[in-house]
Amino acid sequence: MSASTGQYGEIFDRGYLHYGGPRLGQTHAVWALARYSMARALGIRRPWTAKIIPMLLYAAVAIPVLIAVGIRAFFPAFEFLDYAAFFGAIFLLVGIFVAMIAPEMMSSDRHDRLLPLYFSRPIGRSSYVVAKLLAAGLLTLSMSVVPAVVLWFGNGLLADEPVAALRDSLDDLGRIAVAGTMIAFYLGAIALMISSFTGRKSIAVGVIILGFVLSESLSLAISEALRDQPDLARWTFAISPSRTIAAMVGQLFDEPDLAADIPLNASLGVMAVVIAICCVVMFAWYRRRD
Amino acid sequence: MLTVRQFSGGRTARLALALSLIPALFAVIYLVRPWGITPNEFLVDLFRELVVPTLLPIVVLLPATAAFGNELEDGTLPYLLMKPVTRLRLAFGKYAAVLLVTVPALLVGVAAATLVASRGPDAEDLRRLFLAMAGASAAGAVLLGAVFLLVSLVVPRALLAGMIYIFAWESLLGRFLPGVQAVSSREYTLRVFNGLWDGDSAAASNAVMTMVVVAVVCLLLAVWRLRGIQIN
Numbered sequence: 001m002s003a004s005t006g007q008y009g010e011i012f013d014r015g016y017l018h019y020g021g022p023r024l025g026q027t028h029a030v031w032a033l034a035r036y037s038m039a040r041a042l043g044i045r046r047p048w049t050a051k052i053i054p055m056l057l058y059a060a061v062a063i064p065v066l067i068a069v070g071i072r073a074f075f076p077a078f079e080f081l082d083y084a085a086f087f088g089a090i091f092l093l094v095g096i097f098v099a100m101i102a103p104e105m106m107s108s109d110r111h112d113r114l115l116p117l118y119f120s121r122p123i124g125r126s127s128y129v130v131a132k133l134l135a136a137g138l139l140t141l142s143m144s145v146v147p148a149v150v151l152w153f154g155n156g157l158l159a160d161e162p163v164a165a166l167r168d169s170l171d172d173l174g175r176i177a178v179a180g181t182m183i184a185f186y187l188g189a190i191a192l193m194i195s196s197f198t199g200r201k202s203i204a205v206g207v208i209i210l211g212f213v214l215s216e217s218l219s220l221a222i223s224e225a226l227r228d229q230p231d232l233a234r235w236t237f238a239i240s241p242s243r244t245i246a247a248m249v250g251q252l253f254d255e256p257d258l259a260a261d262i263p264l265n266a267s268l269g270v271m272a273v274v275i276a277i278c279c280v281v282m283f284a285w286y287r288r289r290d
Numbered sequence: 291m292l293t294v295r296q297f298s299g300g301r302t303a304r305l306a307l308a309l310s311l312i313p314a315l316f317a318v319i320y321l322v323r324p325w326g327i328t329p330n331e332f333l334v335d336l337f338r339e340l341v342v343p344t345l346l347p348i349v350v351l352l353p354a355t356a357a358f359g360n361e362l363e364d365g366t367l368p369y370l371l372m373k374p375v376t377r378l379r380l381a382f383g384k385y386a387a388v389l390l391v392t393v394p395a396l397l398v399g400v401a402a403a404t405l406v407a408s409r410g411p412d413a414e415d416l417r418r419l420f421l422a423m424a425g426a427s428a429a430g431a432v433l434l435g436a437v438f439l440l441v442s443l444v445v446p447r448a449l450l451a452g453m454i455y456i457f458a459w460e461s462l463l464g465r466f467l468p469g470v471q472a473v474s475s476r477e478y479t480l481r482v483f484n485g486l487w488d489g490d491s492a493a494a495s496n497a498v499m500t501m502v503v504v505a506v507v508c509l510l511l512a513v514w515r516l517r518g519i520q521i522n
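Those sequence lines, one after another, are chains W and Y.
Residue numbers for the first sequence follow this note's numbering, beginning at 1 and rising by one.
Residue numbers for the second sequence follow this note's numbering, beginning at 291 and rising by one.
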């Protein structure tokens with residue numbers, strides 16, 4: 001719109017000035033949205049009531065780790081919390097955590113009708129989904145990987161030769177990274193997909209938690225019903241996130257009880273497939289809607 | 291108060307019904323390939339392990355926290371308060387709406403599960419079991435509905451808080467600290483169920499009385515809380 005010299009021209013000139021600053025590109029836009037989503041989910045720059053539940057969850061996951069490290073400091077021989085037990089125990093907490101953050105990221109944009117605004121900006125539909133996935137996954141890492149790394153670091157420092165001990169247990173660190181990252185993105189993708197279908201946060205929260213709890217009962221019931229076909233029954237773990245995670249953690253940290261004879265590749269494969277399905281559904285769903 | 295029913299009549303009711311039908315799904319799995327237990331045992335297990343600890347709270351929590359929660363979220367609560375309706379009627383109307391949505395859904399769900407399971411191998415007369423399950427579900431809904439109506443007026447994100455209470459508090463702590471069970475909604479619901487199932491009506495009515503008293507107290511507190519909300 002070219003400037004007219006009329007009475008109102010001045011205002012128009014100011015309003016339609018071109019942006020002259022640096023252009024930071026698509027990746028910056030995605031990262032900005034992801035960073036904003038994370039801050040919002042944690043209640044940063046929001047009233048203190050929005051911060052209570054994230055704080056509580058972080059406290060719930062931090063306390064056992066600190067206690068475990070503390071006990072080791074005084075009774076070195078006493079293994080209070082090993083990695084497998086840790087990852088087994090945090091399923092519920094991480095489940096509640098993603099049920100808290102994902103609806104905050106997806107449903108409130110729908111509820112406040114922000115999507116058309118986003119999509120009229122450089123952020124396109126797919127990059128919106130990518131940004132949200134990134135935000136959910138990274139934020140959940142702080143719940144699944146960080147405490148485990150603290151545990152690992154604590155265990156190393158308490159050894160007689162800290163540096164050597166840390167170096168020797170580097171493969172444990174690798175396992176922690178794999179397990180924690182898979183858990184974060186797996187649960188995050190499921191929760192995001194569920195909450196992308198509704199604008200009501202409360203409904204999304206309910207369906208996500210119910211889904212995590214019920215899928216376990218469902219898969220146990222089906223495996224019970226298929227008792228005479230053990231090969232088939234073994235695969236029922238795939239419907240249940242908690243059993244899939246337990247199987248993966250069991251294989252990674254060598255706990256045959258948890259692993260239940262499910263090969264590592266199978267559980268990792270199931271998680272990858274579920275993540276892929278969630279992504280495809282979300283990409284398709286956000287492309288379709290105007 | 292018809293407006294109150296209107297809000298619950300649509301999607302929330304359908305969601306509650308869909309969730310309540312999940313036990314029937316389990317019953318179908320059981321029916322297709324029964325694993326060596328009688329329908330009786332199956333239903334009792336299903337009710338104790340699945341319906342009371344998880345399904346019932348979620349089905350009740352969704353509408354109960356949404357009743358005032360959605361009004362708060364959308365900022366429409368002041369308009370409602372401006373109407374020439376007493377706070378008491380408002381709270382009880384919302385409560386009635388919650389019960390109207392959840393209780394029929396729960397009863398339909400339990401009935402469907404019983405019906406499906408009754409076709410299983412050597413089924414006994416399941417009528418009394420059904421009555422016990424139905425009574426316990428209704429009592430649980432009466433209690434949880436009132437409690438979380440109140441909670442949603444006090445805490446933002448009441449549903450999440452409720453979920454954390456149900457899953458972290460009642461299931462984890464209840465396992466380690468038996469004292470927690472004395473104030474656990476699950477425990478009372480199970481007491482009603484056991485009372486009705488064993489024909490021990492005194493125990494059942496005792497538990498129901500406690501639940502009703504707690505529910506009424508919660509509703510009165512909700513009215514009191516509504517009075518404190520500024521209209522501007």
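C-beta atoms are modelled at their ideal positions from N, C-alpha and C, and glycine is treated no differently.
Please list, in chain order, all residues of the same chain as residue i whose beta carbon is under 7 Å from its beta carbon, the five residues on each side excluded.
i: residue 391 of chain Y; result: 298, 302, 303, 306 and 353
i: residue 176 of chain W; result: 83, 145, 148, 149 and 152
i: residue 61 of chain W; result: 90, 93, 143 and 147
i: residue 522 of chain Y; result: Because the pLDDT of residue 522 of chain Y is 49, which lies under 50, any placement of that residue in the model is unreliable, and the question is left without a value.
i: residue 281 of chain W; result: 193
i: residue 223 of chain W; result: 233 and 236
Is residue i near residue j, with beta carbons less than 9 Å apart?
i: residue 454 of chain Y; j: residue 203 of chain W; result: no
i: residue 313 of chain Y; j: residue 340 of chain Y; result: yes
i: residue 382 of chain Y; j: residue 509 of chain Y; result: yes
i: residue 431 of chain Y; j: residue 389 of chain Y; result: yes
i: residue 214 of chain W; j: residue 184 of chain W; result: no
i: residue 99 of chain W; j: residue 275 of chain W; result: no
i: residue 234 of chain W; j: residue 257 of chain W; result: no
i: residue 482 of chain Y; j: residue 494 of chain Y; result: yes
i: residue 136 of chain W; j: residue 191 of chain W; result: yes
i: residue 201 of chain W; j: residue 449 of chain Y; result: yes
Classify residue i as helix, strand or coil using the three-state DSSP reduction.
i: residue 262 of chain W; result: coil
i: residue 1 of chain W; result: Residue confidence is low: residue 1 of chain W scores 45 on pLDDT, short of 50, so the model does not pin down where it sits. Its coordinate-derived value is still stated next. Three-state result, residue 1 of chain W: coil.
i: residue 285 of chain W; result: helix
i: residue 525 of chain Y; result: The structure shown does not extend to residue 525 of chain Y, since chain Y spans only 291 to 522, so no value can be given for it.
i: residue 415 of chain Y; result: coil
i: residue 120 of chain W; result: coil
i: residue 410 of chain Y; result: coil
i: residue 279 of chain W; result: helix
i: residue 158 of chain W; result: coil
i: residue 111 of chain W; result: helix
i: residue 328 of chain Y; result: coil
i: residue 373 of chain Y; result: coil
i: residue 446 of chain Y; result: coil
Measuring alpha carbon to alpha carbon, tell me which residue in the options is nearest residue i.
i: residue 33 of chain W; options: W:271, W:173, W:123 and W:277; result: W:123
i: residue 456 of chain Y; options: W:255, W:128 and W:96; result: W:96
i: residue 134 of chain W; options: W:277, W:71, W:267 and W:186; result: W:186
i: residue 101 of chain W; options: W:195, W:155 and W:47; result: W:195
i: residue 512 of chain Y; options: Y:439, Y:493 and Y:485; result: Y:439
i: residue 241 of chain W; options: W:224, W:120, W:19 and W:217; result: W:217
i: residue 268 of chain W; options: W:248, W:284 and W:44; result: W:248
i: residue 49 of chain W; options: Y:373, Y:451, Y:415 and Y:501; result: Y:451
i: residue 446 of chain Y; options: Y:324, Y:435, Y:399 and Y:363; result: Y:363
i: residue 514 of chain Y; options: Y:497, Y:441 and Y:480; result: Y:441
i: residue 245 of chain W; options: W:85, W:107, W:28 and W:23; result: W:85
Give every residue of the same chain whose Cβ lies closer than 8 Å to the Cβ of residue i, excluding the five residues on either side of it in the sequence, and list them in chain order.
i: residue 516 of chain Y; result: 371, 377, 380, 381 and 443
i: residue 130 of chain W; result: 30
i: residue 403 of chain Y; result: 313, 314, 316, 317, 333 and 336
Where do the ends of the alpha helix (DSSP H) carrying residue i lie?
i: residue 28 of chain W; result: 25 to 42
i: residue 171 of chain W; result: 170 to 195
i: residue 230 of chain W; result: 230 to 234
i: residue 199 of chain W; result: Unbroken run through residue 199 of chain W: none, as it is neither H nor E.
i: residue 51 of chain W; result: 49 to 74
i: residue 19 of chain W; result: First-last for residue 19 of chain W: undefined, no H or E at that position.
i: residue 255 of chain W; result: Here residue 255 of chain W belongs to no alpha helix (DSSP H), and DSSP marks it neither H nor E.
i: residue 319 of chain Y; result: 312 to 322
Ignore the nearest five residues each way along the sequence and tell me which others in residue i's own chain have a CB closer than 6 Å to its CB.
i: residue 393 of chain Y; result: 428 and 431
i: residue 232 of chain Y; result: Outside the shown range of chain Y (291 to 522) lies residue 232 of chain Y, about which nothing can therefore be said.
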